[in-house]
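Here's the structure, in structure tokens; my notes come after.
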Amino acid sequence: MVHLFEMKGKKIAFDSECSSIYVLDDLSYNLLERYRRKGGERPSETELLLFSRETETDPGEITEICDSFDGLISAQSLFAPRIEADYSTLYPDGPIIKAMCLHICHDCNMRCLYCFAGTGDYGTHNRSMLSAETGRKAVDFLVAASGERHHLDIDFFGGEPLMNWPVVTELTDYCERIGRRSGKDIRITITTNSLQLDREKSEFINKHMKNCVLSIDGRPDVHNRMRPGIGGTATYEPIRNHIRDFVKLRESEKSAYHEYYVRGTFTRHNLDFSEDVKHLAETLDARHISMEPVVSEPGTSYAIRDEDVYTIEKEYERLAEYLDMTRKTDKPVHFFHFKMDFEGGPCVYKRLKGCGVGSEYVAVTPEGDIYPCHQFVGEKEFLMGNVSGMEKISDKNGVLLPGRRVEDILDPTVRQMFFERLMPNRESCATCFARYHCGGGCAANRYFATGSLDEEYEIGCKLTKKRLECSIWLACVKQDADM
Ligand code: SF4
Ligand code: SF4
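If you want it as structure tokens, here you go:
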């Protein structure tokens, strides 16, 4: 479908099916809007005549523009045919679990006000640590579930995973050994609040982990307001120092891996969050930044409300302008949600799948419970199984016994619940221009914001679409600069 929008003085057309982007003048933009209203067909001669009178334009000029549109349409570069992808195209062998969020502990040394994880214990009042034994079973489960898939992803998550550091190092070693034995490439990420991120841990992460997500919300007052330590202590300063040192090391040649994200959360208390992104770039020297809208129950003082959407959309525009400005320097800043590849990038089928919640991606708690993703942890109706079940279906090395499958230890009802909600089946997404870049949105955000897996989380959709527009705008200004 063709999406037309204006941003910062540019009139832009984006065809979501073929990822074509066109910057248009007023006349072409208005004319393309007429095509769009007619489902991609050339308006009739009478309609074009009327249009030429309305716009006081020479009919010959209009014919010329129409001819060039028609050429693009027949080349399938404009109003390109819809990419048909059904369940069997996307999942020829059925959805296969290949990514895991492994909860290294359910405890935390911070008390963030918006914490979705109940400040570490996920609302259970039971602060617990993952044992190496349960962690190994979780890794075995992932390897066994992944079938022929070569690349597997594990995110060491919490609470705060650095609080259980010996298990982090032991499981890293285990993943490397199992990877060699099974021929799998197990890529590790760690997500940390960085409060205990000292030099030794940083060096270990840089040697063994493909990616690292470091949480800080931006300016000191913004961060300290929402992310206090135990007893309400200010945490900005130690965290800033740790992340700054980490980033320096991560970007140096001493590090085996260079990927990282400095990740913030914005709330309605800092709708001017582009200032926080700037702060992180300028104070921590961070080049890879993400800033997520808070997701919380409606009614809290910091929850994003409908009336904030316009302000946030304008703020994304300001952020896009800032990124464009840094692109021209030797320290360009990359913003996670604006990083889209309209030329190559992952194939459309892959992009349509989204995060794979409950179908290709699961979370495992310190008790070994398996959930569709970290945000569903503790919601008993979504409990899928427990990795201790591996004892019944695998040998002592965690290798599946003949004729056994990991599905044997997973609740088929919960699995089915998520299979049925995979993106191609979602009606509201079928006509959305963001569908190849959004992948159907976050099921947990929908569930917690609306109480249903099916209701649309409208604020989330609006912000997703705005972020895509900003990415398209950035691609246009970059192209202008490259010409
Ligand atoms: S650091 Fe993470 S787990 Fe800990 S309280 Fe904050 S948001 Fe929750
Ligand atoms: S923005 Fe909303 S409607 Fe569009 S693809 Fe994403 S979830 Fe679906």
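Position 233, counted from 1, in the sequence shown is what this note's numbering calls 1622; the numbers after and before it change by one each time, with no gaps. For each residue, glycine too, the CB sits at the ideal point set by N, CA and C.
Local Cβ density within 10 Å of residue i, reported as buried at 16 or more and exposed below that
{"i": "SER1604", "result": "buried"}
{"i": "HIS1539", "result": "exposed"}
{"i": "GLN1764", "result": "buried"}
{"i": "ARG1652", "result": "buried"}
{"i": "ARG1804", "result": "buried"}
{"i": "SER1841", "result": "exposed"}
{"i": "ASP1665", "result": "buried"}
{"i": "HIS1514", "result": "exposed"}
{"i": "ARG1442", "result": "exposed"}
{"i": "ALA1645", "result": "exposed"}
{"i": "THR1820", "result": "exposed"}
{"i": "ASN1582", "result": "buried"}
{"i": "THR1754", "result": "buried"}
{"i": "THR1718", "result": "exposed"}
{"i": "MET1552", "result": "buried"}
{"i": "LYS1781", "result": "exposed"}
{"i": "LEU1438", "result": "exposed"}
Contact test: residue i Cβ vs ligand 1 heavy atom, cutoff 8 angstroms
{"i": "ASN1613", "result": "no"}
{"i": "ASN1582", "result": "yes"}
{"i": "CYS1501", "result": "yes"}
{"i": "GLU1549", "result": "yes"}
{"i": "PHE1635", "result": "no"}
{"i": "GLY1743", "result": "no"}
{"i": "THR1672", "result": "no"}
Test item: CB-CB of residue i and residue j under 9 angstroms
{"i": "ARG1500", "j": "PRO1627", "result": "no"}
{"i": "VAL1776", "j": "ILE1759", "result": "yes"}
{"i": "GLU1749", "j": "ILE1575", "result": "no"}
{"i": "VAL1556", "j": "MET1598", "result": "no"}
{"i": "TYR1563", "j": "VAL1602", "result": "no"}
{"i": "SER1463", "j": "ASP1404", "result": "no"}
{"i": "ASP1510", "j": "ASP1529", "result": "no"}
{"i": "ARG1657", "j": "TYR1711", "result": "no"}
{"i": "ARG1431", "j": "CYS1455", "result": "yes"}
{"i": "LYS1526", "j": "MET1773", "result": "no"}
{"i": "ASP1587", "j": "VAL1636", "result": "no"}
{"i": "GLY1607", "j": "ASN1659", "result": "yes"}
{"i": "SER1679", "j": "HIS1631", "result": "no"}
{"i": "ASP1713", "j": "VAL1866", "result": "yes"}
{"i": "ILE1543", "j": "ILE1594", "result": "no"}
{"i": "PRO1550", "j": "ILE1579", "result": "yes"}
8 angstroms Cβ shell around residue i - same chain, five flanking residues per side excluded
{"i": "LEU1852", "result": "PRO1682, VAL1698, ILE1701, GLU1702 and TYR1705"}
{"i": "THR1524", "result": "Residue identity check: residue 1524 is Gly in the sequence provided, not Thr. Closer than 8 angstroms at the Cβ level, and outside the excluded window around GLY1524, lie LEU1491, ILE1493, VAL1556, GLU1559, LEU1560 and TYR1563."}
{"i": "CYS1762", "result": "CYS1490, CYS1744, VAL1746, GLY1747, TYR1750, VAL1751, ALA1752, ALA1832 and ALA1833"}
Per DSSP, the bridge partner or partners of residue i
{"i": "LEU1491", "result": "PHE1545 and VAL1753"}
{"i": "LYS1400", "result": "GLU1395 and LEU1413"}
{"i": "VAL1651", "result": "LEU1603 and ILE1678"}
{"i": "HIS1723", "result": "HIS1677"}
{"i": "MET1518", "result": "CYS1494"}
{"i": "GLY1618", "result": "MET1499"}
{"i": "VAL1746", "result": "TYR1750"}
{"i": "THR1578", "result": "ASP1544 and ASN1600"}
{"i": "GLY1774", "result": "ILE1759"}
{"i": "LEU1789", "result": "SER1783"}
Close Cβ partners of residue i (< 7 angstroms) along its chain, the five nearest in sequence each way excluded
{"i": "GLU1858", "result": "PHE1394 and MET1396"}
{"i": "ALA1709", "result": "PHE1727, CYS1859, TRP1862 and LEU1863"}
Contact set for residue i: own chain, Cβ-Cβ below 6 angstroms, skip 5 residues either direction
{"i": "ALA1534", "result": "ILE1486 and VAL1795"}
{"i": "THR1715", "result": "PRO1721 and VAL1722"}
{"i": "GLY1830", "result": "GLY1849"}
{"i": "SER1685", "result": "TYR1503 and ALA1692"}
Heavy atom of ligand 2 within 8 angstroms of residue i beta-carbon
{"i": "ARG1824", "result": "yes"}
{"i": "SER1817", "result": "yes"}
{"i": "THR1853", "result": "yes"}
{"i": "GLU1858", "result": "no"}
{"i": "GLY1830", "result": "yes"}
{"i": "ILE1686", "result": "For clarity, residue 1686 is Glu in the given sequence; the question names Ile instead. No, the Cβ of GLU1686 stays beyond 8 angstroms of every heavy atom of ligand 2."}
{"i": "CYS1762", "result": "no"}
{"i": "CYS1850", "result": "yes"}
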